[in-house]
Ligand SMILES: [Mg+2]
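Numbering (our numbering), first residue to last: 27 to 155.
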């Protein structure tokens with residue numbers, strides 16, 4: 027079973043997301059990164075094992091937009107599904123993220139309900155096996 031990579035600069039937010047994943051019944055192992063730069067490292071070493079990346083936008087060092095843009099440009103990791111999980115919920119921001127990474131598979135706006143997150147990742151995990 028592939029893993030879920032949770033990228034957020036707030037450890038509280040990461041814990042909350044992982045708790046929702048568990049309560050939703052997904053048994054995938056989770057990995058964490060505190061910013062885009064760290065996420066690039068984790069993804070680079072584990073991309074074959076990662077089913078989906080849940081990515082915050084506003085983070086230090088490398089933000090989520092820069093991260094998804096970078097991912098889209100590296101053929102080895104470009105196919106890894108990414109779901110943005112962010113307060114940046116305007117149509118303009120969503121369009122900007124989708125332009126940065128055409129493989130963006132979902133967009134969850136904070137604050138979100140457990141069901142919203144579950145619905146965003148369930149179809150991706152079903153395909154990932
Ligand atoms: Mg943040």
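The beta carbon of each residue, even a glycine, is placed where N, CA and C say it ideally should be.
Keep in mind it's a predicted model, so treat the numbers as computed, not measured.
Looking only at DSSP bridge pairs, what is residue i linked to?
{"i": "residue 57", "result": "31"}
{"i": "residue 76", "result": "29"}
{"i": "residue 130", "result": "108"}
{"i": "residue 135", "result": "112"}
Rounded to the nearest angstrom, what separates residue i and residue j at their Cα positions?
{"i": "residue 87", "j": "residue 93", "result": "10 Å"}
{"i": "residue 42", "j": "residue 151", "result": "19 Å"}
{"i": "residue 48", "j": "residue 56", "result": "10 Å"}
{"i": "residue 105", "j": "residue 99", "result": "10 Å"}
{"i": "residue 117", "j": "residue 65", "result": "25 Å"}
{"i": "residue 153", "j": "residue 107", "result": "11 Å"}
{"i": "residue 32", "j": "residue 137", "result": "16 Å"}
{"i": "residue 38", "j": "residue 63", "result": "19 Å"}
{"i": "residue 52", "j": "residue 135", "result": "21 Å"}
{"i": "residue 128", "j": "residue 119", "result": "14 Å"}
{"i": "residue 139", "j": "residue 61", "result": "23 Å"}
{"i": "residue 115", "j": "residue 147", "result": "18 Å"}
Which one of the options has the shortest CA to CA distance from residue i?
{"i": "residue 149", "options": "131, 135, 140", "result": "131"}
{"i": "residue 28", "options": "77, 138, 34, 62", "result": "77"}
{"i": "residue 59", "options": "52, 53, 70", "result": "70"}
{"i": "residue 102", "options": "121, 82, 72", "result": "72"}
{"i": "residue 34", "options": "110, 50, 53", "result": "110"}
{"i": "residue 30", "options": "129, 80, 95", "result": "80"}
{"i": "residue 67", "options": "39, 127, 128, 96", "result": "96"}
{"i": "residue 75", "options": "146, 122, 54, 120", "result": "54"}
{"i": "residue 82", "options": "36, 147, 140", "result": "36"}
{"i": "residue 123", "options": "91, 44, 146, 142", "result": "91"}
Exercise. Among all residues, which have a Cβ less than 6 Å from at least one non-hydrogen atom of ligand 1, and in what chain order do they fall?
Worked result: 34, 35, 36, 82, 84, 85
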